[in-house]
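With this note's numbering, you'll find the sequence shown wraps up at 279, consecutive numbering, no jumps.
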Amino acid sequence: MTAPAERVLDDTAEGSPAGWDVADSSPILAFAGDWHGHIEGVQAKLQLLAELGVTRLLHVGDFAIWPDRSGRRFLDQLNDYAIATDIRIAVTPGNHEDWRYLLDCFESAGAGKPAPIRSHISALPRGFSWTQRGRSLLSFGGAASIDYEWRVPGFSWWPEELPTDADLARLRGSAPVDIMITHDSPIPGVPKVQAIRESPGSWSEEALDYAYRGARIITEAWQAAAPQILIHGHFHVRDTLRFTSGQRIVSLAKENDRGNVLLIDLADLNTMWLDGFN
């Protein structure tokens with residue numbers, strides 16, 4: 002990542018502060034895992050989604066919201082693909098985003114509204130909720146960068162990546178939701194995520210503690226929102242966990258790995274992997 006450029010909201014988003022409503026009338030929603038600014042393969046995914054009638058893609062973060070040259074290039078090209086396929090993309094930010102830039106965007110958007118990043122791309126603030134086809138959805142972004150010790154504050158790492166106690170407080174006491182989108186996984190996670198967490202490797206105690214703190218915050222948010230299904234990225238693995246309560250956690254793979262894009266039918270919350278349509 003190169004040095005951040007001037008932090009300015011994109012001026013191509015028209016209409017309302019978000020440019021468009023996150024919700025629409027489509028009965029199927031698409032969810033995508035981490036892309037990290039890699040544009041390869043994205044156009045084909047959007048074209049296939051458009052053929053299936055999908056008009057909204059909800060991204061779980063580590064998208065590439067960087068106001069530097071590489072970030073702008075990715076966002077510009079992706080926005081062109083989104084325009085061509087008539088798909089709007091709403092991002093639940095991950096940890097590898099420029100959070101100071103994002104907070105500026107959210108402040109400019111105002112009142113907890115989505116922030117326009119491009120005409121067909123918006124970022125969702127923590128705690129943003131909406132309803133589509135009678136289903137309630139909640140976005141709660143952010144995660145801990147376990148490799149923060151190797152990163153440069155304000156350049157490749159932003160402590161604002163972690164949700165705050167105030168973010169959590171806004172969720173407590175609210176009604177349960179149908180679908181929750183996070184970047185990190187709650188505890189317990191799907192089996193593949195648990196295996197990763199139980200293999201600490203060479204990370205320092207401080208890094209492991211920081212990662213656990215982020216996971217604990219997401220766990221408390223998950224418990225407060227009590228979603229029927231939670232969808233996340235961060236660990237780059239495809240896996241599903243179903244609880245005896247009927248609740249589910251789905252982990253999405255990264256970039257062009259199988260399991261990067263999930264479809265949910267809002268009528269019954271059944272899930273389908275986009276890979277199955279190729």
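Don't be surprised by glycine CBs; every beta carbon is placed ideally from N, CA and C. Small disclaimer: the values here were computed from a predicted structure and weren't measured.
For the stretch 131–212, the continuous beta strand (DSSP E) assignments of 3+ residues that do not extend past its boundaries occur at 136–141 and 180–183, in sequence order. Contact between the stretch 211–228 and the stretch 181–197 is established, with three or more Cβ pairs separated by less than 8 Å. By the criterion of a C-beta distance shorter than 8 Å, Arg217 is surrounded in its chain by Ile188, once the five residues flanking it on both sides are discounted.
A direct Cα-to-Cα measurement between Arg171 and Gly128 gives close to 7 Å. In this chain, Asp22 is not harboured by any beta strand (DSSP E), its DSSP state being neither H nor E. From the listed residues Leu231, Leu104 and Ser120, the smallest Cα separation to Ala91 is found for Ser120. Here DSSP, grouped into helix, strand and coil, assigns Ser71 to helix.
Trp274: member of the beta strand (DSSP E) spanning Asn271 to Trp274, first to last residue. Setting aside the 5 residues that flank it on each side, Ser205 is surrounded in the same chain by Glu150, each with a C-beta closer than 7 Å to its C-beta; the list follows chain order. Taking the Cα positions, Ala110 is about 22 Å away from Phe75.
In the structure shown, Asp35 adopts coil according to DSSP, grouped into three states. Residue range Val262 to Asp266 is occupied by the beta strand (DSSP E) that includes Leu264.
With contacts defined as CB atoms closer than 9 Å, Leu267 and Lys46 fail to qualify as a contacting pair. Residue environment for Glu108: exposed (fewer than 16 other C-beta atoms within 10 angstroms of its C-beta). Note that the C-beta distance between Leu30 and Arg57 is below 9 Å. Runs of the beta strand (DSSP E) lying entirely within the stretch 47–117, each at least 3 residues long, are 57–60 and 89–92 in chain order. Close CB contacts of Ser175 within its chain, under the 6 Å cut and outside five residues either way in sequence, are absent.
For Ala124, the uninterrupted beta strand (DSSP E) segment begins and ends at Ile122 to Ala124. For Phe129, the secondary structure class from DSSP, reduced to helix, strand or coil, is strand. Pairing Val262 with Leu270 gives a Cβ-Cβ distance that is not under 9 Å. Beta-bridge annotation (DSSP): Thr241 is paired with Val251.
Non-local beta-carbon contacts of Ile230 in its own chain, meaning distances under 8 Å to residues more than five positions away in sequence, involve Asp179, Ile180, Met181, Gln248, Arg249, Ile250, Val251, Ile265, Leu270 and Thr272 in chain order.
Looking at Thr165, Gly62, His237 and Ile232, the one whose alpha-carbon comes closest to that of Ala196 is His237.
The beta carbon of Gln44 sits closer than 6 Å to the beta carbons of Tyr82 from its chain, once the five residues preceding and following it are set aside; these are given in chain order.
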